[in-house]
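These notes concern the structure reproduced below.
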Amino acid sequence: MKSTIARKTVVLLGGLVLLVVLLGVADATLNNYYLRILQLIGIYIVLTASLNLTNGFTGDFSLGHAAFMAIGGYTSALLTMPLAARALQLAELPVWFQEFVSPFPLATVLGGILAALVALPVGLVVLRLRGHYLAVATLGLLIIVKSIASNWEPVTRGARGLSGLNAETNLWWAFGWAVITIFVVWRMVHSPFGRSMIAVRDDSVAAASRGVHVFRIRLVAFIMSAFFGGVGGALLAHQLTAITPPTYSFDLTFLIVIMLVIGGSGSVTGSVIGAIIMTILPVILRDLERRFELPGVSQIIIAAALIAFMIFRRQGLMGNRELHPSTWFMKKPATPASVDAPQQ
Amino acid sequence: MTINYILQQLVNGLALGSIYALLAIGLTMVYGILRLINFAHGDLMMLGAYVSSIFISATVVPILLAVLIPTLLIAVMGLIVERTAYKPLRGAPEVAMLITSLGVSRLIQNSTVLALSPQPRAFSLPGDLTKTVNVGGIRFTQLDVLTFLLVIVLMVLLTLYINRSKTGMAMRASSENLQAARLIGINVNWAIGAAFVLGSALAGTAGFLWASRYGIIDPFMGFLPGVKAFVAAVIGGIGSIRGAVVGGVLLGVAEIGFVGFLPPEFSGYRDAFVFSLLLIVLLVRPNGLFGASEVERA
């Protein structure tokens, strides 16, 4: 057993080193277009893995992830905006705020924290609901947040949005946060807390009768998910260097849901796979769409693929299973130490 | 603020509310039986508006066709959607159906983009219908009158059908308990199909009314009204047709009231207001006005 743990650590560290080397090579050789796609992959891993906490592991189907992204995005954008841009755009804000420029990493974390702080009262309200009602209520949250972003002129500049941000998001931040998110989500899921989450998902009445504090588990999962949603929103804002209300639309929530579903909600590595596939595929499809001048085709293909997935492979690519790279190099494969979640 | 202004807002609210009611009926019937929020419902309305626009632009055709043909075509469309996308998912977890309906919604929107164009186009009614009639200081258009009449007639017909016909009885039984209905030999697929056909037909009619009201149509116009109509169905009590009508009308009046009676700087928050209303209803009276309660069991 001890050697298994040691082996896991070695494989994990080796994987990290490999990732760093690959990113370094990519950073040095690829042009801006491909770098941006790679950054997007990192950002979407953050978003999908965090959405998995609620939609996948706890079974609370939320459509509000883009709302938390918007909160994180706007917060961080306000905090990092260069002074020159600020004087033009935020003249109505108090003077002390106009002079406070936060470094990007701090702004990202603060964006996540504010999203989590909003998620607390929101969760207290919407998590009384389940299933479809929760989905529509969280969709409502997204529409409410978007309305505020579109109308709170002194702070968000309404439809004009905030622009002139520094392009702070690079490969290292995107994948750094992706690694942190995966680590946190993995540790959460493979802990007593995570077992409670899965119990709540599979049968909340039975879980409650065995002493699981159902509401608290769901609330914590919701807040954690919101935190990383906020972080992802901040990363996205600083990649685009501008932020307007349509950025955080229902389309964005929908894209992340597709990533989660195709990868397999209930699998952390599935989220990573889903995020990678569904970042690259639309890029290729959009390219084809432009070349053949067929507007809408990329969305049609993605939507049709989603429906086909729901009919023929509902559990997504990975289902509840995980990839365990540490077992790939063993002579005799041990049974994967996965969470013993029953099939849905 | 005169009494006339208040009555005027009420008329406008009733007109919008009638359209929500038409949409909400389809959503509530389907949800009642399948526990499915059909996110594509609003997009069927959009298709109805486009079909209707073909007949409106050819002005020779009487207005009746511009209402009737989309109603029939969208009814068929609804059945096709049900049979191809939702039927394979019978017995699947409700989340799978929810995701599928989001996919269907996307598919319909973008197919419209591909087939026509993403650009909005004008939907102008023949002059007579938009002419205003002044009754005691309150302005009606003939369209408003047509809307009310149409909604009332359709409502009466639908209620009679659901209460009197065999299919209607099958639908009510399936809605009460799908498994039990199946056990006693009711063809539940027939009942589900009927719910989709009837609901989609009403969405087709709603498409004509919505487009006439706002004068502009685009491929993405249906999603938000569809979701708002679900809010209306929840307010009325999901599964109840009477509730859907009352909820739709209440929501329309509340939304217009919000815009009409608050200072103009609030009007940007009208969508936020609708969903805040949903949250309040769900918390205070989760089963809506006419809904039966659902108990969570192991």
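Chains A and B, in that order, give the protein sequences.
Quick note: the first sequence uses my numbering, first residue 1, plus one each step.
Quick note: the second sequence uses my numbering, first residue 1001, plus one each step.
Glycine included, each C-beta is placed from N, C-alpha and C at the ideal position.
With 16 as the cutoff for other CB atoms within 10 Å, does residue i come out buried or exposed?
i: T1205 of chain B; result: buried
i: H65 of chain A; result: buried
i: F227 of chain A; result: buried
i: R1090 of chain B; result: exposed
i: R210 of chain A; result: exposed
i: K1228 of chain B; result: buried
i: T1071 of chain B; result: buried
i: N1110 of chain B; result: buried
i: V1133 of chain B; result: exposed
i: I198 of chain A; result: buried
i: S1057 of chain B; result: exposed
i: A1298 of chain B; result: Model confidence at A1298 of chain B stands at a pLDDT of 43, short of 50, so the residue's coordinates are unreliable; what they give is reported in the following sentence. With fewer than 16 other Cβ atoms within 10 Å, it is exposed.
i: S1117 of chain B; result: exposed
i: Q299 of chain A; result: buried
i: Y1020 of chain B; result: buried
i: R1285 of chain B; result: exposed
i: G233 of chain A; result: buried
i: G1137 of chain B; result: exposed
i: Y1005 of chain B; result: exposed
i: I223 of chain A; result: buried
i: S1165 of chain B; result: exposed
i: P82 of chain A; result: exposed
i: R160 of chain A; result: exposed
i: H132 of chain A; result: buried
i: A6 of chain A; result: exposed
How long is the line joining the alpha carbons of residue i and residue j, rounded to whole angstroms?
i: V220 of chain A; j: G1168 of chain B; result: 45 Å
i: T1159 of chain B; j: S1240 of chain B; result: 11 Å
i: P246 of chain A; j: L171 of chain A; result: 25 Å
i: R187 of chain A; j: G194 of chain A; result: 8 Å
i: A119 of chain A; j: G1017 of chain B; result: 32 Å
i: T269 of chain A; j: G24 of chain A; result: 23 Å
i: A174 of chain A; j: A70 of chain A; result: 17 Å
i: Q1179 of chain B; j: A1173 of chain B; result: 10 Å
i: P105 of chain A; j: G1243 of chain B; result: 51 Å
i: A91 of chain A; j: A107 of chain A; result: 20 Å
i: L114 of chain A; j: V136 of chain A; result: 23 Å
i: L1007 of chain B; j: V1145 of chain B; result: 15 Å
i: F1230 of chain B; j: L1027 of chain B; result: 6 Å
i: F1196 of chain B; j: L12 of chain A; result: 52 Å
i: V1081 of chain B; j: P1088 of chain B; result: 11 Å
i: G1078 of chain B; j: T9 of chain A; result: 54 Å
i: S267 of chain A; j: A1181 of chain B; result: 37 Å
Mind checking whether residue i and residue j have CB atoms under 8 Å apart?
i: V231 of chain A; j: A49 of chain A; result: no
i: V1067 of chain B; j: G1199 of chain B; result: no
i: F1223 of chain B; j: S1053 of chain B; result: no
i: Q89 of chain A; j: Q239 of chain A; result: no
i: F286 of chain A; j: L1283 of chain B; result: With the sequence shown as reference, residue 286 of chain A is identified as Arg, and Phe is not the correct amino acid for it. No, they are not a contact pair.
i: P1263 of chain B; j: L1023 of chain B; result: no
i: L117 of chain A; j: S102 of chain A; result: no
i: G229 of chain A; j: G264 of chain A; result: no
i: A84 of chain A; j: L162 of chain A; result: no
i: T75 of chain A; j: L110 of chain A; result: yes
i: A275 of chain A; j: Y44 of chain A; result: yes
i: G1207 of chain B; j: G1291 of chain B; result: no
i: G73 of chain A; j: Y248 of chain A; result: yes
i: V46 of chain A; j: T181 of chain A; result: yes
i: L1044 of chain B; j: A1203 of chain B; result: yes
i: A1254 of chain B; j: L1277 of chain B; result: yes
i: A237 of chain A; j: A26 of chain A; result: no
i: F61 of chain A; j: L1098 of chain B; result: yes
i: I1216 of chain B; j: P1120 of chain B; result: yes
Can you list the residues of chain D that residue i reaches, using a CB-CB cut of under 7 Å?
i: M69 of chain A; result: In the displayed structure, chain D is absent; the protein chains listed are A and B.
Scan the segment 1136-1196 of chain B and note each continuous beta strand (DSSP E) run of 3 residues or more that stays entirely inside, going in chain order.
Here the runs fully enclosed are 1138-1141.
If you scan the segment 197-231 of chain A from start to end, which runs of the alpha helix (DSSP H) of 4 or more residues do you find wholly inside it?
Runs of the alpha helix (DSSP H) inside the segment 197-231 of chain A: 204-209.
At which residue ranges does the segment 1069-1126 of chain B contain complete alpha helix (DSSP H) runs of 4 or more residues, listed in the order of the chain?
Qualifying alpha helix (DSSP H) stretches, in chain order: 1094-1115.
Do three or more CB pairs link the segment 311-327 of chain A to the segment 287-300 of chain A at distances below 8 Å?
Cβ pair count under 8 Å is below three, so no.
Please confirm if the segment 250-260 of chain A is in contact with the segment 39-56 of chain A, defined as three or more CB-CB distances below 8 Å between the two stretches.
At 8 Å Cβ cutoff, the stretches touch.
Across the segment 137-152 of chain A and the segment 1265-1282 of chain B, are there enough close Cβ pairs to call them in contact, namely three or more that are closer than 8 Å?
Per the Cβ contact rule, the segment 137-152 of chain A is in contact with the segment 1265-1282 of chain B (3 or more Cβ pairs under 8 Å).
Count Cβ pairs between the segment 1177-1189 of chain B and the segment 1201-1218 of chain B that sit closer than 8 Å; are there 3 or more?
Look at the beta carbons and you see the segment 1177-1189 of chain B not touching the segment 1201-1218 of chain B: under three pairs across the two are nearer than 8 Å.
Within the chosen definition, does the segment 1031-1044 of chain B reach the segment 1092-1109 of chain B through at least 3 CB pairs nearer than 8 Å?
In short, these stretches touch, since the Cβ pair count reaches three.
Okay, do the segment 1006-1014 of chain B and the segment 1246-1263 of chain B touch, 3+ Cβ pairs below 8 Å being the bar?
Because the criterion of three Cβ pairs below 8 Å is met, the segment 1006-1014 of chain B and the segment 1246-1263 of chain B touch.
Unbroken alpha helix (DSSP H) runs of length 4 or more, entirely within the segment 88-130 of chain A: which are they?
Taking 4 residues as the shortest admissible run, the segment 88-130 of chain A contains the following complete alpha helix (DSSP H) segments, listed from N- to C-terminal end: 95-98 and 104-126.
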